[in-house]
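Residue numbers (full-length UniProt numbering): 1 to 222. Working notes for the structure below.
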């Protein structure tokens, strides 16, 4: 697809066909995802791909939502809570390729990351969620470019997910994403779009002047 088609026609889908997603296609998706941006280029994401009978286990921590088991696969997006995990090799690469001018700057960068790694739990949680969310959107766009529908999910018991899949405590469950080839009706891109706020309502030039809720424009299809 052209990029604007991917952006404008991707929808969250709950109804999937019975078609599987083969390993090669899944690998291609994550090959695209690896180019998502991240804070300090530290790429804090991990992706747990759940398929087959294990989807029932995932459904149990996602409050029984049916589309978890209807999907061909679901992805648990996890973010490390330790920013220093990949800091040294990322910084060495930047230095080798000339993105950093010298060892002194590289060391200063590592010191900054170490400071973040020693920050409070909420600061580290927000840090990893910000970057992992960018990668999650990249995953959904890469999927739709191949005709694979998706649905991001925030409805799950994080503590139960840790226990059910043996996820260590120092990883934050950021999002669940179901993946699958959509049923024909669900893939109808000609259906009217759900309401989207117009740019003039949420874009602010040269100062923040939010539109009051009761002054917002009337919902309309875009």
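Ideal placement from N, C-alpha and C gives every residue a C-beta, glycine not left out. Note that the structure is predicted; figures quoted are calculated from it, not measured.
Distance between residue j and residue i (C-alpha atoms, nearest Å)
{"i": "residue 10", "j": "residue 59", "result": "24 Å"}
{"i": "residue 63", "j": "residue 203", "result": "36 Å"}
{"i": "residue 222", "j": "residue 65", "result": "No answer about residue 222 holds up, because its pLDDT of 40 lies below 50 and its placement is not dependable."}
{"i": "residue 19", "j": "residue 183", "result": "10 Å"}
{"i": "residue 197", "j": "residue 102", "result": "47 Å"}
{"i": "residue 220", "j": "residue 194", "result": "Only weak support exists for where residue 220 lies, its pLDDT of 47 falling under 50; the value from the coordinates is given anyway. About 8 Å."}
{"i": "residue 181", "j": "residue 12", "result": "12 Å"}
{"i": "residue 53", "j": "residue 67", "result": "14 Å"}
{"i": "residue 117", "j": "residue 166", "result": "23 Å"}
{"i": "residue 99", "j": "residue 32", "result": "22 Å"}
{"i": "residue 94", "j": "residue 16", "result": "42 Å"}
{"i": "residue 126", "j": "residue 173", "result": "12 Å"}
{"i": "residue 26", "j": "residue 209", "result": "43 Å"}
{"i": "residue 224", "j": "residue 8", "result": "In the structure as shown, the chain begins at 1 and stops at 222. Residue 224 is therefore absent and cannot be evaluated."}
{"i": "residue 190", "j": "residue 2", "result": "17 Å"}
{"i": "residue 38", "j": "residue 123", "result": "16 Å"}
{"i": "residue 24", "j": "residue 192", "result": "33 Å"}
{"i": "residue 111", "j": "residue 96", "result": "18 Å"}
Residues of its chain near residue i, where Cβ-Cβ distance is below 7 Å and the 5 sequence neighbours each way are ignored
{"i": "residue 261", "result": "Outside the displayed span of the chain (1 to 222) sits residue 261, for which this structure offers no information."}
{"i": "residue 30", "result": "47"}
{"i": "residue 56", "result": "69"}
{"i": "residue 84", "result": "113, 114 and 117"}
{"i": "residue 171", "result": "46, 78, 79, 80 and 81"}
Distance between beta carbons of residue j and residue i, contact taken as under 8 Å
{"i": "residue 113", "j": "residue 87", "result": "5 Å"}
{"i": "residue 152", "j": "residue 177", "result": "5 Å"}
{"i": "residue 186", "j": "residue 149", "result": "7 Å"}
{"i": "residue 175", "j": "residue 147", "result": "Incorrect: roughly 22 Å between the Cβ atoms, too far for contact."}
{"i": "residue 179", "j": "residue 71", "result": "6 Å"}
Sequence-distant residues of its chain with Cβ nearer than 6 Å to residue i (five each side left out)
{"i": "residue 44", "result": "79, 80, 128 and 131"}
{"i": "residue 61", "result": "156, 157, 160, 161 and 164"}
{"i": "residue 6", "result": "141, 144 and 145"}
{"i": "residue 109", "result": "91"}
{"i": "residue 211", "result": "201"}
Beta-carbon proximity of residue i to residue j, cut-off 9 Å
{"i": "residue 35", "j": "residue 138", "result": "yes"}
beta-carbon residue i near the ligand MN non-hydrogen atom, thresh 8 Å
{"i": "residue 199", "result": "Absence of the ligand MN is noted for the structure shown, with no ligands found whatsoever."}
Proximal residues to residue i (C-beta, below 8 Å), its chain only, five neighbours per side dropped
{"i": "residue 121", "result": "81"}
{"i": "residue 21", "result": "72, 73, 148, 179, 180 and 181"}
{"i": "residue 42", "result": "83, 85, 86, 87, 90, 113 and 131"}
DSSP beta-bridge partners of residue i
{"i": "residue 26", "result": "Partner(s): none; residue 26 has no beta bridge."}
{"i": "residue 76", "result": "48 and 176"}
{"i": "residue 152", "result": "177"}
{"i": "residue 12", "result": "150"}
{"i": "residue 171", "result": "80"}
{"i": "residue 182", "result": "16"}
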